[in-house]
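Since the structure comes first, as structure tokens, the remarks are kept for the end.
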Amino acid sequence: MDSTATLDSAARRTLVQHAEALLGHTAAGTFPLADEVMQLDPSQYTCPDRFAREKRQIFLRVPLVLAASCEIPQAGDYKTLEVAGIPILLVRDSQGKAHALLNSCTHRGAAVASACGTAARFTCPYHGWTFARDGALLGVASAADFGAVDKAALAMKRFPVSERSGLIWAILDPASPHDPADLLVGIDALIAGFGLAGWTHVTSSTLHGPNWKLAFDAHLEFYHVPVLHRETFGPDRSNRAFYFSQGPHQRVIAPQGRPGTTARDDLYALGRVPKSGDPVDPLLMGEWILFPGVSINTFYPNGHRGVLLSIVVPGADVGTSTTTQIFLAEHEPDAPTRKAMEDLAGFLAHVVGDEDLPTSAFQQQVFGTGLVDVVRFGRNEGGLQHFHRWLDRLLDAGDAELPALLVAPCPQH
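Numbering (this note's numbering), first residue to last: -7 to 405.
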């Protein structure tokens, strides 16, 4: 497992540039905007053919964050999940390596695991075939009666996996020629300063929503915050955001510090760029967006740092998605801090589950009528513009183009 909590020199230079830009805009009272209002066809949220292309061209080709490393910290720890109808088993073997397997027995397709837990091996509940933590077929029930099988050829399907910066990334195509780490375009290095591999999993919840893009769009702008969340976050929160991109990934930062807090990642309160030897926390301020559907938000319940890792993935069809909210603590929390973190996680589940997702579900409904002509992303919604341009770009790209494409700037028009 990766336990590094430092920044390499290139990542630090990039984060320093972000910090200088933020402080420069703050001092000058300026705020950058996108060049123009972007228009989108609403059918991009409702079209089954478009959705099928997104599953094939995005969710089977680019690295996806499937979990935090600390969700399966020990040998045998496992977690199951589903992405776009694909059932996945994440498990750590006795050497500490994480594996992402198709959660399907190679006899007749039954799931070999459910929920999460710890296991020495996995036994299919249908006919009793057993598999190792790395997916290898160990045993066939009543083997003499069943007939000859090539165990080596009947291992569970394995997806390419890379564990970087405390997150487990996978490409959901067993035949992909790529190591996921080679397609991260440096976003893993930028978030390495969190040191997430050494954190503690506190709690998780899963919310069901509409089309995955509608569920994720709310993470990409703060324009809606003082309106939709006026009762939960308050009407005085800024509706502006600064955006910084790293390939298809982004960082979204509000243009002022959080009122009433003394959070150690508050760059605005520090008022200067951290020097060499200073804590790196102010360089990590903001909401981190890991393409295609993950956000990382930092909080300080009881004065202790925690993050909410939100993973939005498509369901099996165009109109469904799941949002998994995973709350992590920097250090093993004492009882009062754990309670504060669990309460905060419950509050954030309420904000998303009772405010964001019902709004997105209505959007899905009205877009499905065909009576809405255009969806508009304003000049102040640059994160949405960046995200949807990258989606279109990757949908049109061939497999051979992918590595070079991800590191190239995305055209703005």
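Glycine residues also receive a C-beta, built at the ideal position from the N, C-alpha and C atoms.
When DSSP labels each residue in this structure, what does Gly298 get in the three-state scheme?
Note: Gly298 maps to strand in three-state DSSP.
Got a sec, what are the start and stop residues for the alpha helix (DSSP H) Leu164 sits in?
Run containing Leu164: none; DSSP gives neither H nor E here.
Any heavy atom of the ligand MN inside 7 angstroms of the beta-carbon of Gly269?
Only the bare structure without any ligand can be found here, which leaves the ligand MN out of the picture.
Cα-Cα separation between Cys97 and Arg84, rounded to whole angstroms
So the alpha carbons of these two residues sit roughly 18 angstroms apart.
In the structure shown, what three-state DSSP assignment does Ala92 receive?
In the three-state reduction of the DSSP assignment, Ala92 falls in the strand class, which pools E and B.
Does the structure place the region 185 to 192 close enough to the region 152 to 172 that three or more beta carbon pairs sit under 8 angstroms?
They touch, by the three-pair rule.
CA-to-CA distance, Ala3 to Val244, given in whole angstroms
Cα to Cα, the separation comes out at about 17 angstroms.
Own chain partners of Ala59 with C-beta closer than 7 angstroms, once the 5 adjacent residues on each side are dropped
Only Lys71, Leu82, Ile160 meet the Cβ criterion.
Going by alpha carbons, who is nearest to Arg229 out of Pro218, Leu340, Phe236?
With distances taken between Cα atoms, Arg229 lies closest to Pro218.
Euclidean distance between Cα positions of Thr312 and Val367:
Using only the alpha carbons, I get a separation of about 20 angstroms.
Cα-Cα separation between Ala102 and Asp165, rounded to whole angstroms:
For Ala102 and Asp165, the distance between alpha carbons rounds to 19 angstroms.
So who's on the other strand from Asn203, going by DSSP bridges?
In the DSSP output, where bridge partners are listed per residue, Asn203 has none listed.
Can you tell which of Ile50, His323, Leu15, Pro266 has its C-alpha closest to the C-alpha of Trp204?
Residue Ile50 is the option with its Cα nearest to Trp204.
Quick check: the Cα distance between Asp384 and Pro274, rounded to an integer number of angstroms?
Approximately 33 angstroms, taken between the alpha carbons.
Can Ala341 and Leu199 be called in contact, C-beta distance under 8 angstroms?
Closer than 8 angstroms, so yes.
If you draw a straight line from the alpha carbon of Ala111 to that of Ala128, how long is it in whole angstroms?
The straight-line gap from Cα to Cα measures roughly 14 angstroms.
For Ser86, count the other beta carbons within 10 Å of its own beta carbon; 16 or more makes it buried, fewer makes it exposed. Which is it?
Around the C-beta of Ser86, fewer than 16 other C-beta atoms lie within 10 Å, and the residue is accordingly described as exposed.
Hey, how far is the Cα of Leu(-1) from the Cα of Leu182?
If you take the alpha carbons of Leu(-1) and Leu182, they lie about 7 angstroms apart.
Helix, strand or coil for Phe155, going by three-state DSSP, please let me know.
The question names Phe, but residue 155 in the sequence shown is Glu. Assignment of Glu155 by DSSP, reduced to helix, strand and coil, places it in the strand class.
Could you tell me the alpha carbon to alpha carbon distance between His100 and Asp348, rounded to whole angstroms?
Going by the sequence as given, residue 100 is Arg instead of His. Cα-Cα distance, rounded: 40 angstroms.
Bridge partners - Pro306, DSSP secondary structure assignment:
Its beta-bridge partners are Ser313.
Look at Ala353 and Asn294 and say whether their C-beta atoms are less than 8 angstroms apart.
No, these two residues do not count as a Cβ contact at 8 angstroms.
What three-state label does DSSP hand Val217 in the structure shown?
The answer is helix: DSSP assigns Val217 an H, G or I state.
What's the gap between the Cα of Trp121 and the Cα of Gly139?
CA-to-CA, the gap between Trp121 and Gly139 works out to about 14 angstroms.
If you draw a straight line from the C-alpha of Gly226 to the C-alpha of Gln248, how long is it?
So the two alpha carbons sit approximately 15 angstroms from each other.
Rounded straight-line distance, which links the Cα of Thr316 to that of Ile288:
Cα-Cα distance, rounded: 12 angstroms.
Host beta strand (DSSP E) of Ser1 (start-end)
Bounds of any beta strand (DSSP E) do not take in Ser1; it lies within the alpha helix (DSSP H) bounded by 1 to 20.
What number of angstroms, rounded off, separates the C-alpha of Asp(-6) from the C-alpha of Val358?
Confidence in Asp(-6) is poor, its pLDDT being 43 and thus under 50, which makes the residue's placement unreliable; the coordinate value appears in the next sentence. Across the structure, Asp(-6) and Val358 are spaced so that their CA atoms are roughly 45 angstroms apart.
Judging by CA-CA distance, which residue of Glu46, Phe23, Val194 is the nearest neighbour of His380?
Ranked by how close their Cα comes to the Cα of His380, the residues Glu46, Phe23, Val194 have Glu46 in first place.
Alpha carbon of Ser323 to alpha carbon of Ser61, nearest angstrom
Before going on, a small fix: residue 323 reads as His here, not Ser. Straight-line measurement puts the Cα of Ser61 at about 14 angstroms from the Cα of His323.
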